[in-house]
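Trainee: Below is the structure I would like to discuss, written out as C-alpha cells.
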Ligand code: UDP
Ligand code: MG
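Numbering (our numbering), first residue to last: 2 to 312.
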C-alpha cells in the first residue's frame with residue numbers, strides 16, 4: 002500500500018498538540034488506499050511538547066517523532082522532516098491547526114488522481130493578522146518578486162502535499178540559509194493551488210516575532226537575488242557621475258565668473274550622503290559575506306537529540 006507522511010514542526014506547542022492529534026487523525030484515517038504517518042519535529046521546545054509526542058508514539062504506531070537538541074527554526078524542522086521521510090506522498094502541516102486539515106483529502110486527490118505533483122495551500126485572506134504585519138508582508142513579496150528569479154505567490158503557505166520526486170529535489174538543495182518558500186518555487190513542478198481561509202490559531206501563540214520575520218524576509222531576498230550587490234555598483238556609478246559633473250560646473254563657473262562658489266553646507270551634506278551610501282554598500286556586502294561564511298562552514302542545519310524513526 003502507498004504511504005503518506007505528514008511533517009508537523011512543533012515549537013512549544015503543548016497547548017495545542019492534543020487538539021491537533023484528535024482533529025487530524027480521523028482525516029488521515031479517512032484516506033483510502035493510503036497508509037499514513039505523522040513525523041512530528043520537536044524544534045527544541047521548552048515546554049513538554051516532547052513528552053506529549055512520546056505519549057502519542059507509545060499508543061500509536063502512526064506517530065514518528067524527531068527531537069532537536071535546541072531550537073533551530075521552522076525551516077530546519079521542515080528540512081529534517083523531509084530528509085527523514087520515506088513515503089510516496091509527503092505533506093507539511095502546522096501544529097496550531099491554522100492549516101485546516103479538511104483540505105487534506107482534496108489535496109491528496111490532486112496528486113494521486115489528477116496528475117499534479119504538488120498540492121499547495123494559499124491563503125485567500127489575512128484575517129486575524131495585524132494591518133502592520135499584512136502591510137510588511139505584502140511589501141516583502143512585491144520587492145522579492147521584482148528582485149529574484151523565482152516568483153512567490155504572496156499567499157503561498159508551507160501547507161502542502163507533494164510527491165516523492167519533489168521531496169528529493171528539495172532535499173538535494175544543499176543551502177544552509179533556507180528560505181523554503183523560495184525553494185518550493187525554485188524547484189517548480191506541476192502545482193495545484195487550494196484557496197484557504199486563514200484560521201485562528203487553536204491555542205498557544207505565534208512563534209514569530211517581528212524581528213524573526215524581518216530576518217526571514219532578508220534571507221528570502223538575499224538567498225534568491227544578487228540585485229542588492231549590484232545596487233552598490235550602480236549607486237556608486239551615479240554618485241561618481243554626479244560628483245564629476247558637479248566639479249566640472251564649478252570649474253567652468255569659476256573660470257567665467259571668477260567668484261567663490263563653494264558652499265560649506267553643500268559639502269557637508271554631500272559628505273553625509275556619500276558616507277551613508279558607502280556604509281549601506283558595505284552592509285550589503287557584509288550580509289552576503291555572512292551568508293557565504295555560514296555556507297562555507299558547512300554546519301548541519303539541525304542536530305537530532307532523539308527520534309523513534311528506524312527503531
Ligand atoms: N515553529 C517551529 N520552530 C520555530 C517557530 C515555529 O517549528 O522556531 C513551528 C510552530 O510550532 C508551528 C509552525 O512552525 O507549527 C508555524 O509557527 P506559528 O504558528 O508560530 O507561525 P504563524 O502561523 O504565526 O506564522
Ligand atoms: Mg500559526
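Here a beta-carbon is modelled for each residue, glycine too, at the ideal position from N, C-alpha and C.
Identify, in the order they occur along the chain, each residue of the same chain with its Cβ nearer than 7 Å to the Cβ of residue 73, setting aside the five sequence neighbours on each side.
Mentor: Result list for residue 73: 44, 45, 302, 303, in chain order.
Trainee: Classify residue 99 as helix, strand or coil using the three-state DSSP reduction.
Mentor: Residue state, collapsed to three classes: coil.
Trainee: Span of the beta strand (DSSP E) holding residue 20?
Mentor: Unbroken run through residue 20 is the alpha helix (DSSP H), 18-30; no beta strand (DSSP E).
Trainee: Quick check: does the Cβ of residue 202 come within less than 7 Å of any heavy atom belonging to the ligand MG?
Mentor: Flag set: Cβ of residue 202 near the ligand MG.
Trainee: Which of helix, strand or coil does DSSP assign to residue 228?
Mentor: Three-state result, residue 228: helix.
Trainee: Rounded to a whole number of angstroms, what is the C-alpha to C-alpha distance between residue 313 and residue 285?
Mentor: What is shown of the chain runs 2 to 312, which leaves residue 313 out entirely.
Trainee: For the ligand UDP, is there a heavy atom less than 7 Å away from the beta-carbon of residue 10?
Mentor: Checking every heavy atom of the ligand UDP against the Cβ of residue 10, one is found closer than 7 Å.
Trainee: When you compare only the Cα positions, how much space is there between residue 11 and residue 122?
Mentor: Distance between the alpha carbons of residue 11 and residue 122: 19 Å.
Trainee: For residue 189, count neighbouring C-beta atoms within 10 Å of its own C-beta (all shown protein chains included) and say buried if the count is 16 or more, exposed if not.
Mentor: Per the 10 Å Cβ criterion, exposed.
Trainee: Please state whether the Cβ-Cβ distance between residue 116 and residue 180 is less than 8 Å.
Mentor: Contact flag unset, no.
Trainee: If you reduce the DSSP assignment to three classes, tell me which class residue 336 lands in.
Mentor: Look at the range of the chain in this structure, 2 to 312, and you will see that residue 336 is not part of it.
Trainee: By how many angstroms is the C-alpha of residue 27 removed from the C-alpha of residue 287?
Mentor: Each residue's alpha carbon lies about 50 Å from the other.
Trainee: Comparing the CB of residue 50 with every heavy atom of the ligand MG, is any distance shorter than 7 Å?
Mentor: Every heavy atom of the ligand MG is 7 Å or more from the Cβ of residue 50, so no.
Trainee: Examine the Cβ distances between the region 85-101 and the region 157-168 and report whether three or more of them are shorter than 8 Å.
Mentor: These segments touch.
Trainee: Looking at the structure shown, is residue 48 part of a helix, part of a strand, or coil, going by DSSP?
Mentor: Three-state result, residue 48: coil.
Trainee: In this structure, does DSSP put residue 92 in helix, strand or coil?
Mentor: The answer is strand: DSSP assigns residue 92 an E or B state.
Trainee: Give the list of continuous beta strand (DSSP E) stretches no shorter than 3 residues that lie fully inside the region 159-208.
Mentor: If we require 3 residues or more, the beta strand (DSSP E) runs fully inside the region 159-208 come out as 192-197.
Trainee: What three-state label does DSSP hand residue 124 in the structure shown?
Mentor: Reduced to three states, the DSSP call for residue 124 is strand.
Trainee: Are the beta-carbon atoms of residue 34 and residue 2 separated by less than 8 Å?
Mentor: Yes, the Cβ-Cβ distance between residue 34 and residue 2 is below 8 Å.
Trainee: Taking 7 Å as the cut-off, is the C-beta of residue 81 nearer than that to any heavy atom in the ligand UDP?
Mentor: No, Cβ of residue 81 sits at least 7 Å from all heavy atoms of the ligand UDP.
Trainee: Relative to the C-alpha of residue 195, which candidate in 112, 53, 227 has its C-alpha closest?
Mentor: Of the listed residues, the one whose Cα sits closest to residue 195 is 112.
Trainee: Taking 8 Å as the cut-off, decide whether the C-beta atoms of residue 82 and residue 42 are in contact.
Mentor: For residue 82 and residue 42, yes; Cβs fall inside 8 Å.
Trainee: Tell me whether residue 181, by its Cβ, gets closer than 7 Å to a heavy atom of the ligand MG.
Mentor: Answer for residue 181: no, Cβ out of range of the ligand MG.
Trainee: Count the other C-beta atoms from every protein chain shown that fall within 10 angstroms of the C-beta of residue 99, then say buried if there are 16 or more, exposed otherwise.
Mentor: Residue 99 should be labelled buried.
Trainee: Could you tell me the boundaries of the beta strand (DSSP E) in which residue 41 lies?
Mentor: It spans 35-43 - the beta strand (DSSP E) in which residue 41 sits, taken as one unbroken run.
Trainee: Which residues in the same chain as residue 186 place their Cβ atom closer than 7 Å to its Cβ, once the five residues preceding and following it in sequence are excluded?
Mentor: Within the same chain, residue 186 has close Cβ partners 151, 152, 153.
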